[in-house]
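Position in the sequence shown counted from 1, then plus 25, gives you the working numbering. Have a look at the structure below, then the notes.
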Amino acid sequence: MTLVTAVLLVLGVLLVGIGMLDESSGDRDLPVMALGVLALIAGGVLQVWSRRRP
């Protein structure tokens with residue numbers, strides 16, 4: 026696992042967690058959760074891409 030992949034993983038989990046904890050207005054903070062999901066997807070794509078590279 027590269028450093029960039031690890032950073033994207035941690036960032037994604039934190040953003041999704043922060044988005045789920047924000048219940049002050051009654052609904053979740055969807056833009057923050059969407060950024061977290063995008064960071065997780067980018068980390069997964071980067072991980073697969075780095076393994077296929079010779």
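Backbone N, C-alpha and C define an ideal beta-carbon position, used for all residues, glycine too. Please read all numbers here as calculations on a predicted model, not as lab measurements.
query: Taking C-beta to C-beta, are I66 and V57 nearer than 7 Å?; result: no
query: If you follow the alpha helix (DSSP H) that T30 is part of, which residue opens it and which one closes it?; result: 28-46
query: Under DSSP, the alpha helix (DSSP H) around R77 begins and ends at which residues?; result: 55-77
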